[in-house]
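Reading through the structure tokens given below for one structure.
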Amino acid sequence: MGKELTIDILNSVQKPARYTGGEFNSIVKSPEETEVSIALAFPDIYEVGMSYLGFKILYHILNSENGVAAERVYAPWVDMEAQMRANAIPLRTLETEKVLRDFDFVGFTLQYELSYTNILNMLDLGQIPVQTRERTEKDPFVIVGGPCVYNPEPLADFFDLAIVGEGEEVIVELMDAYKKWKREGKPGGRLGFLELAVQIKGIYVPSFYDVTYNEDGTVAAVVPNRSCAPAAVEKRVISDMGTVDYPTSPIVPFGEIVHDRIMLEVFRGCSRGCRFCHAGMVYRPVRERRPELLKELARQLVDNTGYNEISLVSLSTADYSCLGPMIHEMIEEFKDEKVSVSLPSLRIDSFSVDLAKEVQAVRKSGLTFAPEAGSQRMRDVINKGVTEADLMNAVGAAFASGWSSVKLYFMIGLPGETDEDVLAIAKLAKAVQYKYQEVTGRRGAKVTVSASSFVPKPYTPFQWVPQDDIAELRRKQFLLKDALKVKNIIFQYHDSVTSVMEAVFARGDRRLGKALYLAWRRGAKFDGWSEHFSYDRWLEALQDAGLTKEFYIGRERGAAELFPWEHIQPAVARSFLRREYEKALAEELTHDCRHGTCTGCGVCQKLGVKIIDWKEQGLV
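Written out as structure tokens, the structure reads:
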């Protein structure tokens, strides 16, 4: 048994509320009513992890099952880790202070590639062997899921099984399989359970697959080494969002978190077809919740949490087919309680001043738009489907209605980008400022320009392209910075080195596991936090593992090259992605299949799932 946290230790660290548990709506089950236990582990600090909707959903779903106890654990910040290692204190969950090694399952979400070292660190702190080959019959099964699971290969040495796709149904099936296996005396031991689990649709067991490589280092084949494992693991998908339970009593934290508000998911999927967007491809198809159900859920969430803001979340919330009337009704219902309704961002081409004014009637803030690229040419390359006129109409209407600040999101380093395209970002920002003067007769509009570095992701049309190297990304950043030295324009960007390592792990294969392990052993953790990221450490780890970043990010992938991730299938056809890449090179647009003909991505047909758009179907 390890030592426990003391008052003295809690008083010595930042934000002790991260580690105490006992929050309102948290669930504690007794050992007597627990047949299977799972620790939901988020590989970042409490404030970040508590904002993640997926965890809230799984926590609710699992704890609603008889005999299943789900608890939470987050990565301890460096000050707390120092205390834990100095005092031999293992990592425990918040609900019952149970050490991670004592659970049946430990489940990590793969939200961000630069959190991978935190996974290894949390396993080590929880007294679980970091590598799967070192685990015994006494150790928990380590599960991963989330958006990065569509290329889990760099982590293949460290997890036992993965859930591919949406987890509400498959996680329950997995728990039921474990209960049955346990009741029968655990036949076949650890291997026996994995052989059962892999037969559940959406479950991937990396040890059941062998990878071979060509002489040039590319992947030759990924082949199952057991008859029970499918040749390709197809994602699980919820066909109708109205059929799955939604958490209406989420945990309310003691301290402020990143997204400290009600999060109400209005639909899943996106059909816009932006060619850089991983989520827009792997979360297809669009499936809306009925507006009546959303209003009912909103009522319960307000009553059960005490929050005064409802954030309507989805990949593109402004595309919800019944958005205007639903928001109006929600605002009317909650206005006397001073509860506001908010949208994460607004579509340029569907911006409504009336809607914006309505959602900000209780709590006013600036407006956020995402043109993504400065020139029309680049917006056509990425299939953004908006024009400069769309942006000017949107901000002009906003300025006329009293707004004086706007935030614009862009990317630099997109395929085929020229200096002229980069400078077009500055021109667009200045045009927004001028629009304010034109509309109001005054100067002083505040424009914030945020530019991230493009990362080519799996299962996007840009999965074949190389990433700009660090020198080129920095050159473009400073080119744009110089062009934006204008009063009331704020320019924000991140160091390109983190984007480079993000791309390495997004596009990597199993061989990266060695580099990941070496980097962690040498102190890598919280790599997504600039103050802890060490690029030199990663370069050394790659070199010592016999790898180079250039192989993963610095070359154009061949048209026929097998990607390391293609045995993990979100159902988006490779032929569709390649066709979209070729259309990008030709600067051609692809229409939104939601409001037009099928574009041939293959998802609906392969999964047997239809787009659910209540307005289009005439059901609302």
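Here the working numbering is used: position 43 in the sequence shown is 1463, and no number is missing along the way.
Using N, Cα and C, we set each Cβ at its ideal position, and we do this for glycine too.
Spatial distance of residue i from residue j (CA atoms)
i     : j     : result
S1731 : S1762 : 5 Å
I2031 : C2024 : 8 Å
H1670 : T1968 : Note that residue 1670 is Pro in the sequence shown here, rather than His. Whole-angstrom Cα-Cα distance: 44 Å.
G1805 : R1799 : 7 Å
P1607 : Y1472 : 36 Å
W1601 : I1747 : 47 Å
N1724 : F1475 : 18 Å
I1623 : A1576 : 14 Å
R1438 : V1468 : 11 Å
I1682 : V1733 : 10 Å
V1924 : L1828 : 27 Å
V1842 : G1822 : 30 Å
P1463 : Y1666 : 23 Å
L1962 : L1932 : 8 Å
K1449 : F1830 : 46 Å
A1718 : T1668 : 8 Å
L1425 : P1496 : 12 Å
R1610 : A1790 : 48 Å
Q1503 : R1521 : 19 Å
A1738 : R1767 : 6 Å
Residue nearest to residue i in terms of C-alpha spacing, selected from the options
i     : options                       : result
A1846 : T1632, K1905 and T1788        : K1905
A1851 : M1831, N1908 and M1798        : N1908
L1430 : I1509, K1476, G1527 and Y1536 : I1509
E1573 : M1504, E2007, A1844 and E1986 : E1986
Y1466 : F1946, C2013, I1583 and S1950 : F1946
A1965 : R1704, A1809, L1938 and S1741 : L1938
T1440 : N1483, R1512 and Y1570        : R1512
E1753 : D1464, N1728, F1996 and A1776 : N1728
S1824 : T1426, S1457 and L1787        : L1787
I1566 : A1699, A1865 and V1686        : At residue 1566 the sequence reads Gly, which differs from the Ile that was named. Here the closest residue by C-alpha is A1699.
G1546 : F1523, Q1531 and E2007        : F1523
F1983 : Q1434, T1638 and L1530        : T1638
M1407 : F1525, E1840, V1526 and Q1434 : Residue 1407 is absent from the structure shown; the chain starts at 1421 and stops at 2040.
V1702 : E2007, A1871 and F1996        : F1996
I1548 : Q1531, P1650, D1580 and I1477 : D1580
F1561 : V1569, Y1570 and Q1551        : Q1551
E1654 : I1583, A1849, A1818 and T1860 : I1583
H1914 : S1870, D1929 and W1884        : S1870
Residue span of the alpha helix (DSSP H) that contains residue i, given as start and end
i     : result
T1725 : P1711 to T1725
E1453 : First-last for E1453: undefined, no H or E at that position.
L1735 : Unbroken run through L1735: none, as it is neither H nor E.
F1971 : K1969 to I1973
Same chain only: Cβ atoms within 6 Å of residue i, ignoring 5 sequence neighbours per side
i     : result
S1916 : S1873, I1890, L1893 and R1894
V1678 : E1467, V1468 and S1471
S1919 : S1873 and V1875
I1447 : N1483
Element boundaries [beta strand (DSSP E), containing residue i]
i     : result
A1891 : No beta strand (DSSP E) holds A1891; the alpha helix (DSSP H) holding it covers I1890 to A1903.
Q1912 : I1909 to Y1913
Y1633 : Y1629 to Y1633
P1791 : L1787 to E1792
T1529 : F1525 to T1529
I1682 : I1682 to E1685
M1831 : S1825 to I1832
F1613 : Taken as a continuous stretch (DSSP letters only), F1613 belongs to no beta strand (DSSP E), being part of the alpha helix (DSSP H) at G1609 to A1617.
P1644 : V1639 to P1644
Residue i burial status per 10 Å Cβ neighbour count (16 or more: buried)
i     : result
C1648 : exposed
C2018 : exposed
K1855 : buried
K1518 : buried
V1625 : buried
I1897 : The question names Ile, but residue 1897 in the sequence shown is Gln. It counts as buried.
I1591 : buried
H2015 : exposed
M1421 : Confidence at M1421 is low in this model, with a pLDDT of 45, below 50, so its placement is unreliable and the value that follows should be read with caution. Exposed: under 16 other Cβ atoms inside 10 Å.
I1427 : exposed
C2021 : buried
R1930 : buried
Contacts around residue i, its chain only, beta-carbon distance under 8 Å, and the 5 residues preceding and following it disregarded
i     : result
A2004 : R1695, V1801, I1802, N1803, P1835, G1836, P1881 and F1882
N1507 : K1423 and I1429
K2035 : S1741 and C1742
Cut-off 7 Å between Cβ atoms - residues of its own chain near residue i, not counting five sequence neighbours on either side
i     : result
D1660 : R1707 and I2032
D1888 : G1833
P1886 : I1973, G1974, R1975 and E1976
K1599 : E1455, V1456 and G1487
E1443 : I1671, V1672, P1673 and F1674
V1867 : V1826, L1828, A1849, V1852, Q1853, N1908 and I1909
Any C-beta of chain B under 8 Å from that of residue i
i     : result
I2032 : Among the chains of the structure shown, chain B does not appear; only one protein chain is present.
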